[in-house]
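Residues -12 to 638, numbered by our numbering, are exactly what the sequence shown covers, in order.
Positions of the beta carbon are idealized from the N, C-alpha and C atoms, including for glycine.
It should be emphasised that the depicted structure is a prediction, and the values quoted were computed from it without experimental measurement.
The structure appears right after this line, and notes come after that.
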Amino acid sequence: MEKHKAVASMGQNSLLLPAWITAALLANDRLKLYLSVLQSAAAHAADAQAPLPDWSAELRQHGQADLLWLGELAANAYMQDSLLVLPQIETLTQAMADDLETMAKPVCEFADQPESDFCSRRGHWIAVLERLQEQSGLRPGDLGSLTHGEPSRGDSLHLLVMDLHKRLNALAAQIATENIDGAHVWQIEPDDRPLIEAFMRGLQRTAPLKFGHPGLATAVTRHGKKLLIQNDIGTNDAHVLVLEVQGKTVRLTYSDLHQVRFDFFRLQLEALGFTWELLAPQTVDGLNQGKPYVLGHATLQVRQPAALLQGLEAAASRIVFLIDWNRARKRLQLFVSKPLALEVLTHCAQTDVGHMGWLLAGGEQLVYGAMQAVDSHAFRVGERLDQVLGETAARQFLQALLTEASLKLRQQLPTAMVQDEARLLLARAMRQRSFEFDLLAEHAALQHAIATEVCRALAGDTGADPAQWLQTLSRAKAWEHQADQILSTARERTRRHERWLPLLELLGAMDDVADTLEESVYLLHLLHTEPLRGLPPAIVQVLQRLADTTLAAIQDQIKAIEIARHLSQQANRTDEEAFLQALWRTLRGERLCDDLYREARVQVVRELATQPVLFGLANEVAAALEDATDHLLRAGYVLRRIVLNPGGVVA
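Written out as structure tokens, the structure reads:
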């Protein structure tokens, strides 16, 4: 049956249904605005310093520019014991009841198909709103019962609005008199067609990435000067998307129960040139279990019609990545930190890969299976990938796995091939893992930073200003503390994996270097603390040479670590030679420092024999610098043993 004939067969009320649906969709926007105002009022009452959104643009958008009392209601709300007092609550609740009646009308009063569940829920919440009109504010639990979005907690006005919105989209599809590239359309103008086609072009370009998952149904109609585009993102999530096109402006309204998913979508559209206005208040303790839904508007303003079409197409192409996004994020967080999981999902959206293929191919079981097959001894129960591979390697592995899963499922290849690919990718990541060397390089960089401070202090860069010396000492202490944290990380891993024992020994020697260098900075600080005024130039000169030689030895250690990172049993002779040469330069540096230490002691005796305090401190500085190179030499021998021993940490 053709669509226009189907409309005719619906009966007399069907003639009014398109107008009812259009009015209902506008009421939907207003109801969400009212709920946001309520949450903002609660936040402001709990904390008078909490910022209040400017509602004027929203009021104009919904044809209510004269209703300034909405902003005043939020600004003047206050707590009286446990009661949230709201001026003009009677006016607000009446407006909410009226709009709920308007929104439910197409569903509840469409004569041939009345839906009793929606009708009873509508009746319940209108009764609740009428009861609230008799109060001066909201009692504990009232706000949560209106605004929460979790079905497990029972019904709410917010949930009813969401469910009605989805049902309205379904009704819109039934009464649509035309289908444009898959969009259910009614009451549009000829100039709207290219806009709809552009939106659907973007939607269909990435729609295959949902792999048959329900969602992305689109309904389009015109209301006055605005073209309204409704998209049913999915069937399970209480988040919706509405676009309005007017002139050369696209305005998108998006709400979500999950702040993190909202932020993901916000960043996706910002990359396309959209600007955002966030309307949802901050979380208020004790209200809605700390989980209010997030509401925002994105706006794209262009100068050329072609840019408008491009913007619609690009925005539509991002919608598919919201489907089951939160489920994918939670599963990825079994293996990496939350920020890394977000990076993986963002990368897979930007590359038009998505996450649904990975979920359908097994999701977390793909990774667990690969971990067991590749090296069951490398992974312990509860240990994440980023803790074994390092953050960079873990992120790259997951991005590659999600990409392969999407490609193979789109090629209709069996999931067994995805499982094999997961094992191959993880095996490659294990062979190439450099997390251990990331720690070594970070620790060596901290040593270098402290040694540089010693050299600067001896060169006179710090001067005699006590404040500058305190800053130098504070920096050195902070770097030494960071080095200690790296050693603690290695100790923790050694308790779980014996293969970390050689690395722990190496980091222990390197940490001794950092400790002695930080001690040198402290001693130099004492030498410039009243009444002391530093050391004689002859002693400073030899200490400078000692510090410079120590710094050069640390630089050779850094080179050796970076070369070792890429060495393997198949390494070429040039790399091996460069590695050994860097270690031997460290050895020569230690021997030179032995000689310089003795020279420094001679100068101290000559210059400071009659000044016991300076004599002792100067000797301690020289001894600390010489000790640093001793520890560097010990670290070099351990690194050499690790790299050249096939049973070491380098795969």
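Subject >> Inter-stretch contact at 8 Å, needing at least 3 Cβ pairs: the segment 197 to 206 / the segment 168 to 179 >> reply: yes
Original post:
Less than 8 Å separating the beta-carbons of Ile167 and Met149?
Top reply: no
**OP:** Spell out the partners DSSP gives Val589 in its beta bridges.
**Re:** Its beta-bridge partners do not exist; DSSP assigns none.
Subject >> Other residues of its chain near Leu522: CB distance less than 7 Å, five sequence neighbours each side excluded >> reply: Leu514, Leu601 and Ala605
Original post:
Among Ile473, Ala446, Leu460 and Thr379, which has the Cα closest to the Cα of Val527?
Top reply: Ala446
**OP:** Please work out which residues of its chain come closer than 7 Å, Cβ to Cβ, to Ile550, disregarding the five sequence neighbours upstream and downstream, and give them in chain order.
**Re:** Asp562, Ala565, Phe566 and Ala569
Original post:
Using 8 Å as the threshold, is the segment 344 to 362 in touch with the segment 403 to 413, meaning 3 or more CB pairs across them?
Top reply: yes
**OP:** In the DSSP assignment, find the beta strand (DSSP E) that holds Val207 and state where it starts and stops.
**Re:** Ala204 to His210
Subject >> Buried or exposed by the 16-neighbour rule on C-beta atoms within 10 Å, applied to Ala262 >> reply: One point to set straight first is that residue 262 is Thr, not Ala, in the sequence displayed. Its Cβ having fewer than 16 others within 10 Å, Thr262 is exposed.
**OP:** Can you tell me which of the three DSSP states Ile162 falls into?
**Re:** helix
Subject >> Rounded C-alpha distance that separates Arg578 from Ala465 >> reply: 30 Å
**OP:** Could you please give me the residues that DSSP links to Trp263 through a beta bridge?
**Re:** Ala285
Original post:
In this structure, does DSSP put Gln171 in helix, strand or coil?
Top reply: First, the residue type needs correcting, since residue 171 is His and not Gln in the sequence shown. In this structure, His171 counts as strand in the three-state DSSP scheme.
Original post:
In this structure, what does DSSP give as the bridge partners for Ile216?
Top reply: Val207 and Leu230
Original post:
For Ala431, does the count of other Cβ atoms within 10 angstroms reach 16, so buried, or fall short, so exposed?
Top reply: buried
Subject >> Close-in-space but distant-in-sequence residues of the same chain around Glu505 (CB under 6 Å, 5 per side omitted) >> reply: Ile437, Ala463 and Glu467
Original post:
Could you check where the alpha helix (DSSP H) with Arg552 kicks off and where it finishes?
Top reply: Pro524 to Arg552
**OP:** Tell me whether Pro489 is buried or exposed, calling it buried when 16 or more other Cβ atoms sit within 10 Å of its Cβ.
**Re:** buried
**OP:** Report the three-state DSSP secondary structure of Gly377 (helix, strand or coil).
**Re:** coil
Subject >> Cβ neighbours of Leu533 in the same chain (closer than 8 Å, five flanking residues each side left out) >> reply: Cys580, Leu583, Tyr584, Ala587, Ala609, Leu612 and Glu613
**OP:** For my contact list, Leu73 and Leu60 are in at a C-beta cut-off of 8 Å; report their separation, rounded to the angstrom.
**Re:** 6 Å
Original post:
Would Val589 be called buried (16 or more neighbouring beta carbons within 10 Å of its own) or exposed?
Top reply: exposed
Subject >> Residues near Met343 in its chain [Cβ-Cβ closer than 7 Å; skip 5 each side] >> reply: Leu196, Lys197, Phe198, His200, Ile310 and Asp311
**OP:** Spatial neighbours of Ala194 within its chain, please: CB distance less than 7 Å, with the 5 preceding and 5 following residues excluded, ordered by chain position.
**Re:** Leu203 and Val307
Original post:
So does the segment 469 to 478 actually touch the segment 395 to 407, counting three or more Cβ pairs closer than 8 Å?
Top reply: no
Original post:
Counting Cβ pairs, one atom from each stretch, are 3 or more of them under 8 Å apart for the segment 369 to 389 and the segment 329 to 349?
Top reply: yes
Original post:
To which residues of the same chain is Val529 closer than 7 Å at the C-beta, ignoring the five residues directly before and after it?
Top reply: Leu583, Glu586, Ala587 and Gln590
Subject >> Span of the beta strand (DSSP E), counted from its first residue to its last, around Ala238 >> reply: According to the sequence provided, residue 238 is Arg. The question's Ala does not apply to it. That run of the beta strand (DSSP E) goes Thr236 to Asp243.
Original post:
Under 8 Å between the Cβ atoms of Glu264 and His284?
Top reply: yes
Original post:
Going by beta carbon distance, what residues of the same chain come within less than 6 Å of Gly391, once the five residues before and after it are set aside?
Top reply: A small fix is needed here, since residue 391 is Glu in this sequence, not Gly. If we look at Glu391 and ignore the five residues flanking it on each side, its Cβ neighbours are Glu408.
Original post:
Quick check: the segment 112 to 123 against the segment 178 to 185, are there 3 or more CB pairs under 8 Å?
Top reply: no
**OP:** Determine the closest residue to Ala163 out of Ala6, Ala360, Thr516 and Gly350, with distance taken between C-alpha atoms.
**Re:** Ala6
Original post:
Can the beta-carbon of Ser242 be found closer than 8 Å to that of Leu215?
Top reply: no
Subject >> 8 Å contact criterion, which Gly234 and Gly260 should meet: CB distance rounded >> reply: So it is not a contact: roughly 16 Å between Cβ atoms.
**OP:** Taking the CB atoms as reference points, tell me whether Leu626 and Ala547 lie closer together than 8 Å.
**Re:** yes
Original post:
Would you call the CB atoms of Arg371 and Val323 closer than 8 Å?
Top reply: yes
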